[in-house]
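Following the working numbering, the numbering of the sequence shown begins with 98 at its first residue and continues without gaps.
Using N, Cα and C, we set each Cβ at its ideal position, and we do this for glycine too.
These numbers were taken from a predicted model, which means no experiment stands behind them.
To start, the structure under review is shown below, and the notes come after it.
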Amino acid sequence: MRYSTVVTGVFLLLGFTSVFGEESDATKLLKARSEQLRPQITRVSESVYCATGYSPANISMIVGQDGVAIVDTGMFPKHAEAVLDEFRKIADLPVAGIILTHGHGDHTGGTSVFVEAGGKQSKPRIYGREPFNTEGVAFRAAGITINRLRGARQGGFLLPPEKRINNGIAPAVYPPKDQNVFAGGSVTPTERFSEGRKKIEVAGLKLELVAAPGETSDQLYVWFPAERVVFTGDNFYRSWPNLYPIRGTGYRDVRKWIHSLDMMLAEKPIHAVPGHTLPLIGEEETTEVLTNYRDAIEYVFNATIAGVNKGLAPNELVHQVKLPPELASKDYLREFYGNVEWGVRAIFSGTMGWFDGNPTHLFSLPPAEEAKRIASLAGGVKQLATRARQALDEGDAQWCAQLCDHLIALDPKARDPKLLKAVALEILADQLLTATGRNYYLTVAQELRRDASQ
Ligand SMILES: [Zn+2]
């Protein structure tokens, strides 16, 4: 979904500097989000505390008799240290156990800090699912490295602070130089399980770890029956879920994701601690939000498959599959982080593979060949460039970017189409609520400007 914007005075000076007038609704909405992403600790129940906003992912503590259990450890050690300081003001007890809901770096990077905060006699056990950090392992096994650059674009790590608002479900942070944020923490689980439910005891606390594939296949949720709190990992946070991250990944099994939410709901939780964003407090809110979240994902899945069965291609499906207004209007289902269109595409490719069903696309022309023919239709390269600029003047930044792609394919060294595309991407960024896409647009715009200046 895009938000309409009033772009007043887009000046295409020599060098195509863009000057934005009034902020778009999307920009305003994303800015308003920052308030709930500031550092704060929520007392969720008698013994459960959740630190939000200190790190991109939440870090939680459950206070036991003679120690505490930690759920997820944040992205960087400095975040973990700040949270540990705050937690110690609440309960100055050794860390008796650490649970990692999955292997992503934003949930595991601070593990060493909490290991150090264990008792003098014994190091805390670290619990996680096998195969741990499946996404990272799969990339490494295949020899894929581009995910780092794409991840940095999606995360906004290459943008100056003034171009960042927040990451939709997380505050904007920068990794320390040379740190590979996607590697995950160097400290990994010492106690692993793969399927079903594992009951553990940490500092007298009875906890249940439940296999819950969804956002990743190594995902688990933590169930704390004594206070009926569920720690959802990244199968829930307050945003339309990232069924597909544009940094690239294998298929996130949407049906399993729905099933994992069903299992959490079946526990009848009173409170829910998400992987990011503020906890859900009270049975009414928790049940309603998790149910709507689950239903929204199922709706999109079913609508996509219904379209697939009619023979629709992804480019058609994304314009047909929309969340019903009563779900789309919920704050926790807005596209702050994930985007419904990208989810639809992921469901298509995850179930059907790359071929959209149209034989024209079995052997498409290479981009430069198609560009030649488009330029000829336009009456020449010059006219094509004029049309691209006109598209921008008419407020059609998407079409402008598409025409620029032809111009760049025709002459990869030409400076003007890159600068024009950069402006188009910056406008598209301003119109988009989804922080990951926004970061990606702005980073590529920055790359194009740099390219053009060389
Ligand atoms: Zn996360």
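Alpha helix (DSSP H) containing residue i: first to last residue?
i	result
Ile187	Pro174 to Ile187
Tyr396	Glu380 to Asn406
Ile524	Asp513 to Gln528
Glu213	Thr208 to Glu213
Tyr538	Ala532 to Ala549
His204	Gly202 to Thr205
Gln480	Val478 to Asp490
Pro552	Not covered by the structure: residue 552. The range shown for the chain is 98 to 551.
Arg470	Pro464 to Ala475
Arg442	Val437 to Met449
Could you spell out the range, first to last residue, of the beta strand (DSSP E) harbouring residue i?
i	result
Val160	Ile156 to Val160
Phe321	Leu317 to Phe321
Ala309	Note, Ala309: premise wrong, no beta strand (DSSP E); not H, not E.
Glu298	Arg294 to Val299
Ala498	No beta strand (DSSP E) contains Ala498, which is instead part of the alpha helix (DSSP H) from Ala494 to Leu507.
Pro371	His368 to Pro371
Thr170	It is not in any beta strand (DSSP E) - Thr170 carries neither H nor E in the DSSP assignment.
Val418	From DSSP, Val418 is part of no beta strand (DSSP E); its letter is neither H nor E.
Return the CA-CA distance between residue i and residue j, expressed in angstroms with no decimal places.
i	j	result
Thr384	Val327	11 angstroms
Asp122	Gly252	21 angstroms
Phe229	Lys295	15 angstroms
Pro456	Ala410	11 angstroms
Tyr318	Asp527	35 angstroms
Arg237	Ser152	26 angstroms
Leu414	Val441	7 angstroms
Asp513	Val541	15 angstroms
Leu539	Lys217	48 angstroms
Tyr348	Met158	31 angstroms
Thr401	Ser550	43 angstroms
Lys186	Gln137	14 angstroms
Ala511	Leu462	22 angstroms
Thr533	Asn264	7 angstroms
Gly248	Ile343	8 angstroms
Pro371	Lys128	21 angstroms
Asn536	Ala519	13 angstroms
Arg289	Cys501	50 angstroms
His201	Ala472	45 angstroms
Val107	Arg486	Confidence is the limiting factor: at Val107 the pLDDT is only 41, short of 50, which leaves the residue's position unreliable and the question unanswerable from this model.
Lys515	Ala269	27 angstroms
Ala239	Tyr341	19 angstroms
Thr205	His176	11 angstroms
Gly477	Asp493	21 angstroms
Ser446	Val351	12 angstroms
Tyr434	Asp203	15 angstroms
Can you say whether residue i is buried or exposed, counting buried as having 16 or more other CB atoms within 10 angstroms of its CB?
i	result
Ala403	exposed
Leu430	buried
Gly225	buried
Asn399	exposed
Phe211	buried
Lys479	exposed
Thr105	The pLDDT assigned to Thr105 is 35, lower than 50, so where the model puts this residue is not dependable, and the model offers no usable value.
Asn244	buried
Leu545	buried
Thr531	buried
Arg140	exposed
Ile241	exposed
Arg470	exposed
Gly379	exposed
Leu111	Annotation note: pLDDT 36 at Leu111 (below 50); position unreliable, coordinate value reported separately. Burial call: exposed.
Pro221	buried
Gly194	buried
Glu132	exposed
Asn406	exposed
Thr287	exposed
Ala59	Only positions 98 to 551 of the chain appear in the structure, and residue 59 is not among them; the question remains open.
Arg547	exposed
Asn436	buried
Leu358	buried
Pro422	exposed
Find out if the Cβ-Cβ distance for the pair residue i, residue j is shorter than 8 angstroms.
i	j	result
Ile196	Ala154	no
Met361	Leu387	yes
Gly171	Val180	yes
Cys497	Ala506	no
Ala300	Asp169	no
Ser144	Glu381	no
Ala309	Glu292	no
Asn554	Gln316	Only positions 98 to 551 of the chain appear in the structure, and residue 554 is not among them; the question remains open.
Gly207	Phe254	no
Arg130	Gly150	no
Comparing the CB of residue i with every heavy atom of ligand 2, is any distance shorter than 7 angstroms?
i	result
Asp508	What this structure holds is ligand 1, not ligand 2.
- prompt: Which runs of the beta strand (DSSP E), 3 residues or longer, sit entirely within the segment 211-289?
  reply: 222-226
- prompt: For the segment 323-350, which segments carrying the beta strand (DSSP E) assignment without a break, of at least 3 residues, lie completely within its bounds, in sequence order?
  reply: 326-330
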